[in-house]
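**Q** Positions in the sequence shown are counted from 1; adding 4 to them yields this note's numbering. From the three backbone atoms N, C-alpha and C, an ideal C-beta is built for every residue, glycine too. Here the structure is a predicted model, which is why all the values come from computation and not from measurement. First, the structure itself, so that you have it in front of you.
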Amino acid sequence: MSGLRERRRDKAMRAIQECALDLFDERGFAAVTIEEIAAAAEVSPSSVYRYFGTKEGIVVADEFDRMNPADLLDPGDPVGSLLRAVRAYEAAPEAATGSADASTGPQAARSPWRRVRYFFAEPSVRVAVLANLDRASRRIAPLLAAAGELTGTQARVVTNALVFGYFAALEQWYLDGGSRPIAGYVEEGLRPLRGVLRASGHGGPA
């Protein structure tokens with residue numbers, strides 16, 4: 005039953021998120037209220053707040069937020085496991101859907117472009133994304149340290165390089181217009197980190 009509830013929750017959140025993106029694309033992020041998003045999605049404002057907390061949270065939220073870091077990250081190959089997660093996200097059906105009415109830029113009618121461009125176009129959304137990444141880093145670092153191959157300090161540094169390196173690669177993808185897969189940017193951007201980890205025996209297979 006809990007699995008069914010989770011699926012229903014995920015479906016409701018995706019529907020609200022798409023309605024919100026429709027409104028943001030049409031009128032601009034700052035001009036849209038939570039109440040208007042709720043009305044478009046045919047839910048109560050309290051439901052939007054319960055699911056997302058803030059308007060910025062609607063843009064930032066994705067399935068990674070609700071995943072256990074231990075299920076997402078392989079401490080023996082942190083870069084490789086992140087790449088696998090990004091490729092799986094891009095291959096999912098939801099990553100190729102979007103509103104046909106979106107009109108900002110050549111990729112605007114496609115997720116993840118619809119969401120990600122707000123990470124960099126709206127300062128308040130960027131702050132929310134960075135806060136999410138910081139929370140993710142604090143959850144992941146103990147997993148790397150627990151593997152016993154890195155000290156606590158090394159695990160913290162590696163995790164921040166991984167998480168915020170991913171964000172930097174994502175920003176370059178956005179700046180280039182989103183025409184190539186995100187995973188290619190992540191792989192290129194994190195290649196130096198993977199090389200360092202591999203040289204020290206912590207980087208997974210070559």
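How big is the Cα-Cα spacing for residue 202 and residue 149?
**A** Against the sequence shown, residue 202 aligns to sequence position 198. Against the sequence shown, residue 149 aligns to sequence position 145. Roughly 16 Å between the two C-alpha positions.
**Q** Can you tell me the Cβ-Cβ gap for residue 178 and residue 120, rounded? I've got them flagged as a contact below 8 Å.
**A** Translated into the one-based positions of the sequence shown, residue 178 becomes position 174. Translated into the one-based positions of the sequence shown, residue 120 becomes position 116. That pair is a contact at about 6 Å.
**Q** On the CB-based measure, 16 or more other CB atoms within 10 Å of its CB, does residue 63 come out buried or exposed?
**A** Taking the first residue of the sequence shown as 1, we reach residue 63 at position 59. Buried.
**Q** Span of the alpha helix (DSSP H) holding residue 96?
**A** Position 92 of the sequence shown, counted from the first residue, corresponds to residue 96. It is not in any alpha helix (DSSP H) - residue 96 carries neither H nor E in the DSSP assignment.
**Q** When the Cα of residue 153 is compared with those of 78, 66, 44 and 193, which residue comes out closest?
**A** The sequence position of residue 153 within the sequence shown is 149, counting from 1. With distances taken between Cα atoms, residue 153 lies closest to 78.
**Q** What is the residue span of the alpha helix (DSSP H) that residue 40 lies within?
**A** Residue mapping note: residue 40 aligns to position 36 of the sequence shown, counting from 1. Unbroken alpha helix (DSSP H) run through residue 40: 38–45.
**Q** Where residue 194 and residue 128 are concerned, what is the direct C-alpha to C-alpha distance, given to the nearest angstrom?
**A** Counted from its first residue, the sequence shown places residue 194 at position 190. Counted from its first residue, the sequence shown places residue 128 at position 124. The straight-line gap from Cα to Cα measures roughly 26 Å.
**Q** Out of 183, 198 and 176, state which residue places its alpha-carbon closest to the alpha-carbon of residue 163.
**A** Residue mapping note: residue 163 aligns to position 159 of the sequence shown, counting from 1. Comparing Cα positions, the closest option is 198.
**Q** Need the endpoints of the alpha helix (DSSP H) that residue 185 sits in, please.
**A** Taking the sequence shown and counting its residues from 1, the one referred to as residue 185 is at position 181. That residue, residue 185, is in no alpha helix (DSSP H); it is neither H nor E in DSSP.
**Q** Would you be able to state if there are at least three C-beta pairs under 8 Å between the segment 158–173 and the segment 25–45?
**A** No: the two stretches stay apart, fewer than three of their Cβ pairs being nearer than 8 Å.
**Q** Take residue 172 and list the residues in its own chain whose beta-carbon comes closer than 7 Å to its own, dropping the five residues that flank it on each side.
**A** The residue you call residue 172 lines up with position 168 of the sequence shown. These residues qualify, in order along the chain: 193.
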